[in-house]
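Following: one structure in structure tokens, then a few remarks.
Dropping the structure here:
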């Protein structure tokens, strides 16, 4: 099956040989007798130096074997010669190379280096502490009143109080730095805070159920009450088979049905005030005495007991008045705006000091490369098109560990079906290196799964599942499938765990098959 010219994602399980597949893909491209690829036009990246060295070693061995078979082949001779300078490296090394080539445009010293944590941490803390004190005093002076009331009115102090219960407990620095670094893994960076503030102010003027957070709450409640309505419809038919029991239960049962339908209708209409009022109008009633309870009666009684407990959580979600929610959204918008202003000044001061010292962090390099590749409107820059044109194929290992910025960079460089991505959905839950698991899962859901050799037409991209495990014993495979099949059910939407993700025992001589 030839899938060259198409974006390809290999969703490979542990022990299935995913790195071997990536290596074999590269080697076959280089040694193809009809359409041989050129190593100088390949971008091959992974996350560790050891993995990059292993890839280079495997390619060297394969080229040497090919040379033994075709000793006078000038193409193979050239590939072996190019191996030393080929772009086979860690992702960070590739990013640094591209940024260093554009140091003047970025206002960097040509000899900049990557500083380690022992050098960066004190610098970050020093600048952050100074800025915290400066902001606190600045906003205290701008407060309309003095004394203790000024502290209460100080908007910066109030923002910090929402992050930490006590500003003097020594953990504020860590909380702020962790928050700032979390935003650094997104293309928009801390601009997301400004965008969030604007969105909150807009949504405060509409029904809460139409807001970003409100939609999530509404969907959750819709699923809950829709399931209740379905269950009650099924129970009604069963309860009516016992006339005596139904005579005693019908009033309470019909009241419960009407309540669930009314709640579901309010949720579907996106009407928060109505749903909020309904949440506290449930008639608890008393379950009637029935001497011999059938299975249906017992099921209804059990459902009602559980429903009343679940309803307490629903009431907690919906007990706020619409005006109170709108006020909280506006207050949160103010806090987001304050943090955006604070972090923008912090990042500017920190970067200026780094440039003065000739040092950078890996996050800086990543962000700078992203800015070199993307115009403000998100379209690729001339440099991006020039850099992408240098490569006919882009290979990325361990794609489950990619973050949003890295994914945008490789999407730009691999546009036109040049990307070959390998990863393991199970490993994505660890979120190594600030990874965003939904990226890998999103490609799996979006791309066409390739299950048959003849099926090669893929719009947008193709996904190949590799589930055969050649490393572990059968009991380990069964245990792993049992644990993952249960644990991953709670994150189906974000990870999209599928039947194909179950491991297939392939260590033994028998034909591989899914465990029963």
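In my numbering, the protein residues as written are 252 to 767. Beta carbons are placed, not taken as given, at the ideal position from N, Cα and C, and that holds for glycine. Remember, predicted model here, so these are calculated numbers, not experimental data.
Problem set entry | Residue of 375, 333, 387, 294 minimising C-alpha distance to residue 341 | It is 294 whose Cα lies nearest to the Cα of residue 341.
Problem set entry | Residue burial classification, residue 222 (beta-carbon count within 10 angstroms, cutoff 16) | The structure shown does not extend to residue 222, since the chain is modelled only from 252 through 767, so no value can be given for it.
Exercise. Residue range of the alpha helix (DSSP H) that residue 587 falls in?
Worked result: That run of the alpha helix (DSSP H) goes 573-608.
Problem set entry | Rounded straight-line distance, which links the Cα of residue 436 to that of residue 655 | If you draw a straight line from the Cα of residue 655 to the Cα of residue 436, it is about 6 Å long.
Exercise. Taking DSSP as the reference, what is the three-state secondary structure of residue 671?
Worked result: In the three-state scheme derived from DSSP, where H, G and I count as helix and E and B as strand, residue 671 is classed as strand.
Exercise. Since residue 620 sits in a beta bridge, which residues does DSSP pair it with?
Worked result: Per DSSP, residue 620 has no beta-bridge partner at all.
Exercise. What does a CB cutoff of less than 6 Å around residue 524 pick up in its chain, not counting 5 residues either side in sequence?
Worked result: Cβ neighbours of residue 524 within its own chain (closer than 6 Å, five residues either side excluded): 573.
For this session: Check whether the segment 311-328 touches the segment 277-287, counting contact only when three or more Cβ pairs, one atom from each stretch, lie closer than 8 Å.
Result: Touching, yes, given that three or more Cβ pairs across the two stretches are closer than 8 Å.
For this session: Please name the residue, chosen from 620, 693, 695, 531, that lies closest to residue 664 on a Cα-to-Cα basis.
Result: Checked all of 620, 693, 695, 531; the closest Cα to residue 664 is 620.
For this session: Report the rounded CA-to-CA distance for residue 311 versus residue 649, giving the unit in angstroms.
Result: Distance between the alpha carbons of residue 311 and residue 649 is about 21 Å.
For this session: My understanding is that residue 407 touches residue 589, with C-beta atoms under 8 Å, so please give their C-beta distance in whole angstroms.
Result: 6 Å between Cβ atoms; contact.
For this session: Determine the direct distance from the alpha carbon of residue 430 to that of residue 676, and round the result to whole angstroms.
Result: Distance between the alpha carbons of residue 676 and residue 430 is about 26 Å.
Problem set entry | Local conformation of residue 271 per DSSP, three classes | Residue 271 falls in the helix class under three-state DSSP.
Problem set entry | Where residue 261 sits in the DSSP three-state scheme | Three-state result, residue 261: strand.
Problem set entry | Close Cβ partners of residue 270 (< 8 Å) along its chain, the five nearest in sequence each way excluded | Answer for residue 270: 302, 305, 306, 648, 673, listed in chain order.
Exercise. Which whole-angstrom value describes the C-beta separation of residue 363 and residue 354, a residue pair presumed to lie in contact below a C-beta threshold of 8 Å?
Worked result: Going by Cβ atoms, the distance from residue 363 to residue 354 rounds to 7 Å, so yes, they are a contact pair.
Exercise. Is it right to say residue 607 is buried, meaning 16 or more other beta carbons lie within 10 angstroms of its own, or is it exposed?
Worked result: Classification of residue 607: exposed, given that the 10 Å Cβ count is below 16.
Problem set entry | Residue interval of the alpha helix (DSSP H) (run including residue 437) | No alpha helix (DSSP H) contains residue 437, which DSSP labels as neither H nor E.
Exercise. Run through DSSP, which three-state label would residue 686 get?
Worked result: Residue 686: coil per DSSP, three-state reduction.
For this session: Could you say which of 335, 678, 445 lies nearest to residue 731 if we only look at CA atoms?
Result: Closest by C-alpha distance to residue 731, out of 335, 678, 445, is 678.
Exercise. Helix, strand or coil: how does DSSP classify residue 638 here?
Worked result: The answer is helix: DSSP assigns residue 638 an H, G or I state.
Exercise. Enumerated in chain order, which unbroken segments of the alpha helix (DSSP H) with a length of 4 residues or greater are wholly contained in the segment 279-335?
Worked result: Look at the segment 279-335 and you find these whole runs of alpha helix (DSSP H), each 4 residues long or longer: 300-320, 325-333.
Exercise. Exposed or buried, which one is residue 212 when buried takes at least 16 other CB atoms within 10 Å?
Worked result: Absent from the structure is residue 212, since the part of the chain shown begins at 252 and ends at 767.
Exercise. Do three or more CB pairs link the segment 513-520 to the segment 475-483 at distances below 8 Å?
Worked result: Yes, the segment 513-520 touches the segment 475-483.
Exercise. For residue 635, is the classification buried or exposed, using 16 other Cβ atoms within 10 angstroms of its Cβ as the cut-off for buried?
Worked result: Label assigned to residue 635: buried.
Problem set entry | Assigned secondary structure, residue 545 (DSSP; H/G/I helix, E/B strand, else coil) | Reduced to three states, the DSSP call for residue 545 is coil.
For this session: For the alpha helix (DSSP H) holding residue 511, just list the boundary residues, first then last.
Result: 494-519 is the extent of the alpha helix (DSSP H) around residue 511.
Exercise. Would you call the CB atoms of residue 503 and residue 547 closer than 8 Å?
Worked result: No, the Cβ-Cβ distance between residue 503 and residue 547 is not below 8 Å.
Exercise. Which class does residue 352 belong to by DSSP, given the choice of helix, strand or coil?
Worked result: It is coil, neither helix nor strand.
For this session: Please state whether DSSP places residue 698 in a helix, a strand or coil.
Result: The answer is coil: DSSP assigns residue 698 none of H, G, I, E or B.
Problem set entry | Proximity to residue 265 [Cα-Cα], best of 724, 581, 719 | Checked all of 724, 581, 719; the closest Cα to residue 265 is 719.
Exercise. Skipping 5 residues on each side, what residues in its chain have a beta carbon closer than 8 Å to that of residue 527?
Worked result: Cβ neighbours of residue 527 beyond the five flanking positions: 569, 570, 571, 572, 573.
Problem set entry | Separation of residue 733 from residue 486, as counted between CA atoms | Rounded to whole angstroms, residue 486 to residue 733 spans 32 Å at the Cα level.
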